[in-house]
Amino acid sequence: MPLNIIVAAKQVLDPEMPASAFKVDRDAKKIMPPQGIPPVVNGFDENAVEAALQLREIHEGKVTVLTMGAEFALDVIKKPLSMGADELILLQDPAFINTPDSFFTATVLAAAIKKIGEYDLIICGRQASDWDSSQVSLGIAEMLGLPVITLGRKIEVGDGKVLVQRVLTDGYEVMEASLPAVVTVSNEFGEPRYPTLRGIMQATRKMPTTWTSADLGVEIPAPQLELSDLFVPERDRQCEYIEGSDEAAIGRNLALKLREAKLI
Amino acid sequence: MPPVLIIGEVTPDGDAASITGELIAAARPLADGLGVELVAALPGTSSQRAAATAITLGADKAYAVEDPFLDDPSAFDAHVAAAQKLCQEIGPSIVLFGRTITGRDVAPRLAFRLGTCAANDCVEVKLDSDQRLAALRPVFGGSALAWVRCLGDVAVVTVRAKAYEPLEADATRKGEVVNFSPGLGRDAVKSRLVERVKEDQTQGLRLEDARIVVSGGRGLGGPDPFVHLEEIAKLLGGAVGASRAACDAGWVPATLQVGLTGKTVTPDLYLTVGISGASQHMAGCAASKNIVSINKDGDANIFKEARFGAVGDWKNILPAFIEQLQELVK
Ligand SMILES: Cc1cc2nc3c(=O)[nH]c(=O)nc-3n(C[C@H](O)[C@H](O)[C@H](O)COP(=O)(O)OP(=O)(O)OC[C@H]3O[C@@H](n4cnc5c(N)ncnc54)[C@H](O)[C@@H]3O)c2cc1C
């Protein structure tokens, strides 16, 4: 049975930018976009694209990527297409600002999924690396009345069911649900594939579909979570660098220092 | 008056899990500030004793929420349905969960059913001057902190473990324990547990419990150098951890990952080798009492949080360090 898979993916500031590039405009309650460091597709969402592509390889079908925002860097957000996804739908509207209010985000994404209509599986990354809220996937499931299984590291589909290996702190558990269902994946799923040259060429020719809030016919819900302050915490530790005539001496002196400080 | 509700947790032995007391400690000032009751709910198959404990820890009233479907921490569907029934019954203005295996999945789902979303993974909660709940949460992998205000009819929050110290238990405190049976049916459950597999074969000391943790990162260059870290851990009676880069590379099992999306450790000594100190890594170890780091890059971020730093190549530093350790602990 071919599978219709929807992946929700988000464009985020590069979470691995050097700490020195990370700056907050406290008055505007915004992170200042770092100079010369382009945004990226949220890492766990790339894992989700990878999961969808692997399932399509086995079952055939279609992988549709949904992304929501006010503005996009097209070359960045098209990456799932160059990885091999079939379609990219941009939910783009000046109202679709990047907010920690997951109720809003889930409402818009659920409306778009309803508009797509046909789907067997919705795969999301476990969390977005900007607000780290890890709940939009759960909101989509609740709003659409679907089962949801989080933290997948392996996904199998068969007999109208999905079987997911869920990451636990000391191993994993296998959960089962009927399709359609929502599944979130973690980095334990494995590295997402690199786009091939052919994939990149194909992606440049594919134009994303764009839906605005009017296209979705979605009513903007009353705000549920409001950002009232955003700041970088103070870190006032003073590191004492261990000295020594060479690196071996530094190693010995480090051990002696730990004893002197009664840490060992 | 709508009460403040905390959803505690019950251990397999029927005791109140430590998060229960932490949540009561977080909620007590909120309930007092609003002048309302602090209600604790303890969902499980047999939670009377845990409910009684919640009273001694500072709750005004405790619900033993008992149902055969609440037999497992991963029975998320049942936990959501039970919490929803209880909220219908008592109509709270604030609901606090722990950000635990259960709370992480259950709290947001309850929130969405109540027409709002959760403030997740909070380290502090307070009432704003307009009596709205405000919560402090690390965002951007811990690079920043955000205060968020809950504007919905009900505020749902998950509180990070160990963010609050439980209040001192007082066996003389009085409070009503109510039996509450949500009467869940099969229809509440949409996903089923098939099997559970334990992979972490570490003998003895758990990473989360160790007083000394020795963690390695990408700078180690491969799986083999981890034997040095194991040797150090053995000498000092500690456990070995790793950065996500080392886990993703397959050098060590994913169960060793420390950080935002891995384990949280709070040892007395956290020793890192070849770890740069990305905010997402620090999110899992920054509360360690002492961080000590070996890294060849003197400007690495990890040194901003370290008490002692050794700048250099671990290949030269570690052998001498281990030799000296052996002499010291002899
Ligand atoms: C949403 C999200 C969640 C994440 N969750 C986690 C998490 O839970 N845990 C986690 O760890 N990471 C997490 N990460 C990844 C994190 O951002 C970093 O990529 C990761 O921690 C880097 O690991 P590292 O320090 O080992 O590697 P690197 O950053 O590559 O650092 C390697 C260090 O080794 C040093 N080095 C190299 N060679 C030597 C040598 N010979 N001797 C001494 N030092 C040497 C280098 O100077 C460098 O500082 C997450 C990322 C995202 C986006």
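Order-wise, the sequence lines are chains A and B.
For the first sequence, this note's numbering begins at 6 and goes up steadily by one.
For the second sequence, this note's numbering begins at 15 and goes up steadily by one.
Backbone N, C-alpha and C define an ideal beta-carbon position, used for all residues, glycine too.
Check: Do we get a CB-CB distance below 8 Å when we pair L235/A with the residues of chain B?
Finding: Counting from 1 along the first sequence, the entry for residue 235/A is found at position 230. Chain B contact via Cβ: present.
Notebook entry, point to check: With C-beta atoms as the reference, is K75/B less than 8 Å away from E182/B?
Noted result: In the second sequence, residue 75/B corresponds to position 61, counting from 1. In the second sequence, residue 182/B corresponds to position 168, counting from 1. No, the Cβ-Cβ distance between K75/B and E182/B is not below 8 Å.
Check: Which word fits D142/B, buried or exposed, when buried means at least 16 other C-beta atoms lie within 10 angstroms of its C-beta?
Finding: Here residue 142/B corresponds to residue number 128 of the second sequence, with the count starting at 1. Exposed: under 16 other Cβ atoms inside 10 Å.
Check: Quick one: what's M180/A bridged to in DSSP?
Finding: The residue you call residue 180/A lines up with position 175 of the first sequence. Among the bridge pairs identified by DSSP, M180/A is matched with V169/A and L207/B.
Next item on the list: Quick one: give me the first and last residue of the beta strand (DSSP E) that I205/A is part of.
Entry: Within the first sequence, residue 205/A is the residue found at index 200, counting from 1. DSSP places I205/A outside any beta strand (DSSP E); the residue lies instead in the alpha helix (DSSP H), whose first and last residues are L202 to R210.
Check: Mapping DSSP to helix, strand and coil, what is C129/A?
Finding: If you number the first sequence from 1, residue 129/A lands on position 124. Correct three-state label for C129/A: strand.
Item checked: One or two residues paired with K67/A in a DSSP bridge -> Indexing the first sequence from 1 puts residue 67/A at position 62. Partner residues in the beta bridge of K67/A, as assigned by DSSP, are N9/A.
Checklist line | CA nearest to the CA of V254/B, picked from G105/B, A263/B and V272/B | finding: Locating residue 254/B in the second sequence gives position 240, where the first residue counts as 1. Answer by Cα proximity: V272/B.
Check: Could you check where the beta strand (DSSP E) with R151/B kicks off and where it finishes?
Finding: For this step, residue 151/B is matched to residue 137 along the second sequence. Counted as a single uninterrupted DSSP element, the beta strand (DSSP E) harbouring R151/B occupies residues L147 to V153.
Next item on the list: With a cut-off of 8 Å on the beta carbons, I'd call V188/A and V167/A a contact; round off their distance for me.
Entry: As a working mapping, residue 188/A is identified with position 183 in the first sequence. As a working mapping, residue 167/A is identified with position 162 in the first sequence. The pair is a contact, with the Cβ atoms about 6 Å apart (cut-off 8 Å).
Check: Quick one, are the C-beta atoms of I36/A and F154/B less than 8 Å apart?
Finding: By one-based count along the first sequence, residue 36/A stands at place 31. By one-based count along the second sequence, residue 154/B stands at place 140. The answer is yes: Cβ separation under 8 Å.
Notebook entry, point to check: Where does M212/A land, buried or exposed, given buried means 16+ other C-beta within 10 angstroms?
Noted result: The sequence position of residue 212/A within the first sequence is 207, counting from 1. Per the 10 Å Cβ criterion, exposed.
Margin query: Taking 7 Å as the cut-off, is the beta-carbon of W328/B closer than that to any non-hydrogen atom of ligand 2?
Written below: As for ligand 2, it is missing from this structure, which binds only ligand 1.
Check: What do you reckon, is the C-beta of N304/B under 7 Å from a heavy atom of ligand 1?
Finding: Walking along the second sequence from the start, residue 304/B turns up at place 290. False, no ligand heavy atom lies under 7 Å from that Cβ.
Check: Shortest alpha-carbon distance to A158/B belongs to which of F49/A, P238/A, P7/A and P39/A?
Finding: In the second sequence, the residue the question calls residue 158/B occupies position 144. The residue from F49/A, P238/A, P7/A and P39/A with its alpha-carbon nearest to that of A158/B is P238/A.
Check: Can you list the residues of chain A that W161/B reaches, using a CB-CB cut of under 7 Å?
Finding: Counting from one through the second sequence, the residue named residue 161/B turns up at place 147. What W161/B touches in chain A: S233 and D234.
Margin query: Quick check: what's the CA-CA separation for K248/B versus R210/B?
Written below: Here residue 248/B corresponds to residue number 234 of the second sequence, with the count starting at 1. Here residue 210/B corresponds to residue number 196 of the second sequence, with the count starting at 1. Taking the CA atoms as reference points, K248/B sits about 30 Å from R210/B.
Next item on the list: With a threshold of 16 other CB atoms inside 10 Å of the CB of N10/B, please say whether the residue is buried or exposed.
Entry: Past the edges of chain B, shown from 15 to 344, lies residue 10/B, and the structure says nothing about it.
Checklist line | Range of the contiguous beta strand (DSSP E) that encloses R163/B | finding: Residue numbering aside, residue 163/B sits at position 149 when the second sequence is read from its first letter. Start and end: A158 to C164.
Notebook entry, point to check: If the cut is a Cβ gap below 7 Å, which residues of chain B does I154/A touch?
Noted result: The residue given as residue 154/A occupies position 149 in the first sequence. What I154/A touches in chain B: S205.
Notebook entry, point to check: Residue ranges of each beta strand (DSSP E) run of no fewer than 3 residues wholly in the segment 271-327 of chain B, ordered along the chain?
Noted result: Whole beta strand (DSSP E) segments, 3+ residues: 283-287, 304-309 and 322-325.
Notebook entry, point to check: With a Cβ-Cβ cutoff of 8 Å, do M22/A and L58/A count as a contact?
Noted result: In the first sequence, residue 22/A corresponds to position 17, counting from 1. In the first sequence, residue 58/A corresponds to position 53, counting from 1. For M22/A and L58/A, no; Cβs fall outside 8 Å.
Notebook entry, point to check: alpha helix (DSSP H) containing G47/B: first to last residue?
Noted result: Here residue 47/B refers to the residue found at position 33 of the second sequence. Where G47/B is concerned, the enclosing alpha helix (DSSP H) stretches over S32 to L48.
Checklist line | For Q243/A, three-class secondary structure by DSSP | finding: Taking the first residue of the first sequence as position 1, residue 243/A is located at position 238. Q243/A sits in coil when the DSSP states are folded into three classes, being neither helix nor strand.
Item checked: DSSP beta-bridge partners of G163/A -> Residue numbering aside, residue 163/A sits at position 158 when the first sequence is read from its first letter. In the DSSP output, where bridge partners are listed per residue, G163/A has K166/A.
Notebook entry, point to check: chain A beta carbons: is any one of them nearer than 8 Å to that of N330/B?
Noted result: The residue you call residue 330/B lines up with position 316 of the second sequence. Answer yes: the Cβ-Cβ gap between N330/B and chain A drops below 8 Å somewhere.
Check: Going along chain B in order, which residues have a C-beta closer than 8 Å to the C-beta of R213/A?
Finding: Residue 213/A sits at position 208 when you count from the first residue of the first sequence. The question names Arg, but residue 213/A is Pro in the sequence shown. Here the premise fails: no neighbours, minimum Cβ distance about 27 Å.
Notebook entry, point to check: Which chain B residues sit within Cβ distance under 8 Å of D270/A?
Noted result: This structure cannot settle anything about residue 270/A, because the visible part of chain A is limited to 6 through 269.
Next item on the list: Kindly list the residues whose CB is nearer than 6 Å to the CB of I331/B, restricted to its own chain and excluding five residues on each side of it in sequence; keep chain order.
Entry: Within the second sequence, numbered from 1, the residue matching residue 331/B stands at position 317. Cβ within range, chain order: I308 and A324.
Checklist line | Proximal residues to M296/B (C-beta, below 7 Å), its chain only, five neighbours per side dropped | finding: Position 282 of the second sequence, counting from 1, holds the residue named residue 296/B. For M296/B, where only same-chain residues beyond five positions count, the Cβ hits under 7 Å are G156 and E319.
Margin query: Less than 8 Å between the C-beta atoms of G28/B and A73/B, yes or no?
Written below: The residue labelled residue 28/B in the question sits at position 14 within the second sequence. The residue labelled residue 73/B in the question sits at position 59 within the second sequence. In this structure, G28/B lies away from A73/B, with their beta-carbon atoms at least 8 Å apart.
Next item on the list: Examine chain A for any beta-carbon lying closer than 8 Å to the beta-carbon of K212/B, and answer yes or no.
Entry: Reading the second sequence from its first residue, position 198 is the one you call residue 212/B. Interface annotation, K212/B: in contact with chain A, CB-CB separation under 8 Å.
Checklist line | Any non-hydrogen atom of ligand 1 within 7 Å of H295/B CB | finding: Position 281 of the second sequence, counting from 1, holds the residue named residue 295/B. For ligand 1, at least one heavy atom lies less than 7 Å from the Cβ of H295/B.
Note to self: Check whether chain D comes within 8 Å of V70/A, counting only Cβ atoms and requiring the distance to be less than that.
What the structure shows: Chain labels in this structure do not include chain D; the protein chains are A and B.
Next item on the list: Could you run through the segment 15-49 of chain A and flag, in chain order, every residue whose CB is less than 7 Å away from some CB of chain B?
Entry: Along the segment 15-49 of chain A, the positions whose C-beta sits under 7 Å from a C-beta of chain B are P20, E21, A24, F27, V29 and I36, read in chain order.
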